[in-house]
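Protein chains in written order, with my numbering: chain S, 1 to 69; chain L, 1001 to 1139.
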């Protein structure tokens, strides 16, 4: 799942380690999320959204097709 | 510990407990190797047992770290990696066990099947037949 976490992080001038400490995970986890190697849990996604003061949809692009009713 | 920890405190606790656990295990292993070296030199068996005891104390320290840590010692990504590693190791062990048993049964069956006749061999002869290519002499 593509995401803009790296862009948001660089915009705020944080290192991966600082962001990881801020949201309570390891630096490796932030690195894996930024590189699209790991999809974070809902809890971590919400923490990141709260930290960057934005919507989860702005951070993550799940590329899900709309459900046809 | 019931107070609510901040994310920064959670990370600090996780690192602190992980460090203690690693030190405990390393100290236990080092104690065992040192005791083994001392045992080789002095030939005093109690030294070896003391080293073994220290090794298990180190393992116990690691277990206590897991048990009493107020936070999860691995975050979600590390937990997933651990789960995937467990899956891979379990699959490998299962493959080795299944293939190993099959290999054992294939190699053992042709040699031992004729020996399973209840009155065909004297007492104690079956093990001789299975391990030797020559028939038992009966002596």
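Quick reminder that beta carbons are idealized off the backbone N, C-alpha and C, glycines included.
Exercise for review: Kindly indicate which three-state DSSP category residue 2 of chain S falls into: helix, strand or coil?
Suggested key: Start at 1 with the first residue of the first chain, and residue 2 of chain S comes out as number 2. Strand at residue 2 of chain S.
Point to revise | Residues sharing a beta bridge with residue 60 of chain S, DSSP | key: Against the first chain, residue 60 of chain S aligns to sequence position 60. DSSP output for residue 60 of chain S lists S/3 as bridge partner(s).
Review point. Helix or strand or just coil, what does DSSP make of residue 1096 of chain L?
Key: Reading the second chain from its first residue, position 96 is the one you call residue 1096 of chain L. It is helical.
Check your understanding: Can the beta-carbon of residue 26 of chain S be found less than 8 Å from the beta-carbon of residue 1049 of chain L?
Key -> Stepping through the first chain from its first residue, residue 26 of chain S is reached at position 26. Stepping through the second chain from its first residue, residue 1049 of chain L is reached at position 49. It is not a contact, given that the beta carbons lie outside the stated cut-off.
Review point. Could you give the distance in angstroms between the alpha-carbon of residue 40 of chain S and the alpha-carbon of residue 48 of chain S?
Key: Taking the first residue of the first chain as 1, we reach residue 40 of chain S at position 40. Taking the first residue of the first chain as 1, we reach residue 48 of chain S at position 48. Looking at the two C-alpha atoms, the distance is approximately 10 Å.
Exercise for review: Return no unless some Cβ of chain L is closer than 8 Å to the Cβ of residue 38 of chain S.
Suggested key: The sequence position of residue 38 of chain S within the first chain is 38, counting from 1. Interface residue, yes.
Check your understanding: Counting along the chain, where does the alpha helix (DSSP H) carrying residue 28 of chain S start and finish?
Key -> Numbered from its first residue, the first chain carries residue 28 of chain S at position 28. Per DSSP, residue 28 of chain S belongs to the alpha helix (DSSP H) from 27-34.
Practice item. Check whether the Cβ of residue 29 of chain S lies closer than 8 Å to any Cβ atom in chain L. Key: What you label residue 29 of chain S is simply residue 29 of the first chain in a count that begins at 1. Yes, contact with chain L.
Point to revise | Nearest to residue 1059 of chain L (by Cα), restricted to the options L/1097, L/1009 and L/1025 | key: Position 59 of the second chain, counting from 1, holds the residue named residue 1059 of chain L. Closest by alpha carbon: L/1025.
Exercise for review: Check each residue of the segment 1050-1078 of chain L: if its Cβ is closer than 8 Å to any Cβ of chain S, include it; give the result in chain order.
Suggested key: 1075, 1076, 1077 and 1078
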